[in-house]
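Asks: Numbering (mature numbering (1 follows the signal peptide of the UniProt record, and there is no 0)), first residue to last: -19 to -1, 1 to 170.
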Amino acid sequence: MRLLKGVLLCYLDFNSVYCLLSLRNTKILVEYFNILDVHNTNTLNDVQFAHFMREVTTFGEKEIMMTFDMLDRNGSGAIGFQQFYMLVCILLSSQHHVEKNFIFRHSRPVFELLDMDGGRTISPAEFQSSAFLFNLNGRALTKIFYDFDVSGDELLNYKEFKMFTMACIYMQEEEKMKERASKRKSTAV
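1. According to the neighbour-count rule (16 or more other Cβ atoms, all chains shown, within 10 Å of its Cβ), is serine 163 buried or exposed?
2. Which residues mark the beginning and the end of the alpha helix (DSSP H) in which cysteine -1 is found?
3. Look up serine 136 in the DSSP assignment and say whether it is helix, strand or coil.
4. Just curious, the alpha helix (DSSP H) that glutamate 71 is in, first and last residue?
5. With a cut-off of 8 Å on the beta carbons, I'd call histidine 87 and cysteine -1 a contact; round off their distance for me.
6. Tell me, to the nearest whole angstrom, how far the beta carbon of aspartate 18 is from that of leucine 25; I am working on the premise that it is less than 8 Å.
7. Touching or not, the segment 44 to 62 and the segment 88 to 108, by the rule of three or more beta carbon pairs under 8 Å?
8. For aspartate 98 and glycine 61, what's the separation of their Cα atoms in angstroms?
9. In whole angstroms, give me the CA-to-CA distance for tyrosine 66 and threonine 102.
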């Protein structure tokens, strides 16, 4: 998943450490949300949301509607600014390649987002079907999922998910250290 080049979101000041927008940029996002909210309901319905997503991302229709359903937790058929803000931060974390950091920093809201059936657990199916949001994919993801299923019930509760997020950050840091070491070796030769 990628943001399209030249869209407003690409120009927002995104803090890659905390995975949040600055206050000034949050105000800009509020104004942008208000422009999208043509019905003045302080929400975006599925049609408005789909149009927005088609204009700013490379998501297909299936991913767009799944994302909408994930954000529309109460089934009202609309999302408010809080959900919109979270979506924009997810999109920007992907753009800045800090998806794992986003998951770690915001593990509770991400857990609730991925828990599509509201059962307070994440199943492998929920995990796989929503992994596109964070550019997570492949068999390694399934293996990692089962590695952190401490209870053995093939479901991740929040504590297991939190351990998963910490491990993801640890693995990401290890990868960065390996890259730095290999760069040093290549420049030394």
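Every residue, glycine too, gets a C-beta built ideally from N, C-alpha and C.
Quantities reported herein were computed from a predicted structural model and do not represent experimental measurements.
Replies: According to the data block:
1. With fewer than 16 Cβ atoms within 10 Å of its Cβ, serine 163 is classed as exposed.
2. Here cysteine -1 belongs to no alpha helix (DSSP H), and DSSP marks it neither H nor E.
3. The question names serine, but residue 136 is leucine in the sequence shown. DSSP, reduced to helix, strand and coil, places leucine 136 outside both helices and strands of the structure shown, so it counts as coil.
4. According to the sequence displayed, residue 71 carries isoleucine and not glutamate. Residues 62 to 76.
5. In this structure histidine 87 touches cysteine -1 by the C-beta definition: roughly 7 Å separates them, less than 8 Å.
6. About 6 Å separates the two Cβ atoms, so the contact holds.
7. Contact between the segment 44 to 62 and the segment 88 to 108 is present, because at least three Cβ pairs lie under 8 Å.
8. So the alpha carbons of these two residues sit roughly 20 Å apart.
9. Each residue's alpha carbon lies about 24 Å from the other.
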